[in-house]
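Structure record follows, encoded as structure tokens.
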Amino acid sequence: MTERPVLRLLLPCPPRTAERAWGDYYFGHSLGEALERLGWQVRYSYRHRSVAARLRSLWERLRHPREIEIVLRGKRAWVPLPGKCAVMWLISQSSSVRPAELRRYAHVFVASPSFLRRIRSACHASLLPQCTDAGRFGPRTEPGSGRPIFVGNRRDGMPRDIVRAAIDSGFDVGVWGRGWDDLPEGHYAGLHIENRDLGAHYRAAGAVLNDHAEDMRRDGFVSNRVYDVLACATPLVTEDMDGLPQEAASRLFLYRSVDDVADTIRDALASEAGREAERVALARQILELHTFDQRAEAIVEIIENIVNMQARRQIAAPESPR
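When we follow the numbering used here, the leftmost residue of the sequence shown carries the number 289, and every step to the right adds one.
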């Protein structure tokens with residue numbers, strides 16, 4: 289039996305520090321842990337800031353030529369190494385992806401049905417939506433008693449209009465994240481929630497507010513936060529967009545513009561009474577269909593097909609003349 293190659297996850301973020309870890313760090317490590325549960329050995333590479341660290345990372349990749357690399361695509365492309373098998377999971381940043389980049393990969397997993405249709409002729413590709421971590425997110429057993437909350441950073445190009453619209457409409461929204469120095473008094477809840485504690489905050493909230501970057505919303509890339517909140521059985525307020533999980537369509541509270549935000553939040557908060565059992569049933573369905581374990585199985589199936597195909601080609605190749 290051929291020995292399994294090691295899988296290397298190429299993440300679009302720096303390694304974790306004592307002060308900060310990116311969302312992509314937790315996403316990548318949740319995927320890595322799911323792959324390890326399937327019996328695969330996993331290594332990680334990161335987007336280092338210093339030249340020396342980037343060179344060390346490149347050397348580490350070069351010295352393991354039999355690894356198969358799994359790229360989580362971020363703002364910038366990872367360049368696959370010559371002769372090394374690589375697959376990509378495109379979970380966002382669709383605006384910066386070009387067909388020439390996609391063709392470098394043995395397979396591309398795409399987290400948007402509509403974007404998959406657009407690029408399918410350019411490469412080998414299949415649908416793989418984002419998901420949740422069943423070890424961190426699970427359904428609450430009674431209605432949340434807290435305020436509506438929003439967890440996310442505000443930065444250039446992503447003003448988070450849903451937060452301003454909610455506060456201007458009189459909702460007592462608690463906000464976590466960076467870039468919120470100008471919030472009215474009483475709304476800023478903190479800089480950061482530890483990933484291990486995020487599920488507890490979602491379960492305690494009256495509702496969770498969510499938005500997407502413009503290209504994610506336009507191209508139908510649904511964020512993992514949607515799956516995380518649904519897995520907690522908490523009402524979710526998010527945009528009406530392509531790609532939302534069909535089984536959750538009737539349990540989402542969707543807005544089309546900031547003008548709809550107030551009424552949508554009001555509906556979400558009012559939905560608490562008598563509907564908890566429905567949300568718990570949906571949460572269990574999300575945990576059956578949309579976790580990193582299911583996504584890892586889909587990735588491994590493709591990788592095993594690639595490995596087997598390469599092995600057959602090697603066997604069929606004529607022996608080189610001596």
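Quick reminder that beta carbons are idealized off the backbone N, C-alpha and C, glycines included.
query: Report yes or no: do the stretch 528-541 and the stretch 501-511 share at least 3 C-beta pairs separated by less than 8 Å?; result: yes
query: Within its chain, find whatever has a CB closer than 8 Å to the CB of residue 470; leave out the 5 residues flanking it on each side and keep chain order.; result: none
query: Compute the beta-carbon to beta-carbon distance between residue 356 and residue 295, rounded to the nearest angstrom, for a pair I have assumed lies under 8 Å.; result: 6 Å
query: Could you tell me whether the Cβ atoms of residue 437 and residue 587 are closer together than 8 Å?; result: no
query: Report the rounded CA-to-CA distance for residue 581 versus residue 325, giving the unit in angstroms.; result: 8 Å
query: Give the secondary structure of residue 294 by DSSP, where H, G and I count as helix, E and B as strand, and everything else as coil.; result: coil
query: Taking Cβ to Cβ, would you say residue 490 is nearer than 8 Å to residue 517?; result: yes
query: Is residue 376 buried or exposed, if buried means 16 or more other CB atoms sit within 10 Å of its CB?; result: buried
query: Which residue's Cα is closest to the Cα of residue 367: 350, 527, 536, 383?; result: 350
query: Leaving out five residues before and five after residue 289 in sequence, what residues of the same chain have Cβ atoms less than 8 Å from its Cβ?; result: Any reading at residue 289 must be qualified, since the residue scores a pLDDT of 43, below 50, and its modelled position is unreliable; the value itself is stated next. Within the same chain, residue 289 has no close Cβ partners at all.
query: Count the other CB atoms within 10 Å of the CB of residue 308; is the residue buried (16 or more) or exposed (fewer)?; result: exposed
query: Within 10 angstroms of its Cβ, does residue 468 collect 16 or more other Cβ (buried), or is it exposed?; result: buried
query: Buried or exposed: residue 417, going by 16 or more other Cβ atoms within 10 Å of its Cβ?; result: buried
query: Does residue 289 come out as helix, strand or coil in the three-state DSSP assignment?; result: Its pLDDT being 43, under 50, residue 289 is placed unreliably in this model, and the coordinates cannot settle the point.
query: How far does the beta strand (DSSP E) with residue 332 in it extend, from its first residue to its last?; result: 330-333
query: By alpha-carbon positions, which one of 424, 390, 419, 597 ends up nearest to residue 408?; result: 390
query: Among 327, 525, 292, 335, which has the Cα closest to the Cα of residue 555?; result: 525
query: Pull up the distance between the alpha-carbon of residue 432 and that of residue 384, whole angstroms please.; result: 39 Å
query: Which runs of the alpha helix (DSSP H) fall wholly inside the stretch 435-468 and span at least 4 residues, in chain order?; result: 449-456
query: Helix, strand or coil: how does DSSP classify residue 358 here?; result: strand
query: Tell me whether residue 376 sits in a helix, a strand or coil according to DSSP, three-state version.; result: strand
query: Applying the criterion that 16 or more other CB atoms from any shown protein chain within 10 Å of the CB defines a buried residue, is residue 527 buried or exposed?; result: buried
query: What does the Cβ neighbour count give for residue 305, buried or exposed, with the cut at 16 atoms within 10 Å?; result: exposed
query: Any idea which residues DSSP pairs residue 395 with across the strands?; result: 375
query: Nearest by alpha-carbon distance to residue 456: which of 447, 472, 442, 444 is it?; result: 472
query: In this structure, does DSSP put residue 541 in helix, strand or coil?; result: strand
query: Could you check whether the stretch 596-604 touches the stretch 334-342, counting it as contact only if at least three pairs of C-beta atoms, one from each stretch, sit closer than 8 Å?; result: no
query: Using only CA atoms, which one of 599, 372, 320 lies nearest to residue 393?; result: 372
query: When you compare the CB positions of residue 442 and residue 448, do they come within less than 8 Å of one another, or not?; result: yes
query: For residue 301, tell me which candidate among 572, 363, 420, 322 has the shortest Cα-Cα distance.; result: 363
query: How should residue 569 be labelled, buried or exposed, when 16 other C-beta atoms within 10 angstroms of its C-beta is the threshold for buried?; result: exposed
query: Residue 532 by DSSP, collapsed to three states: which one?; result: coil
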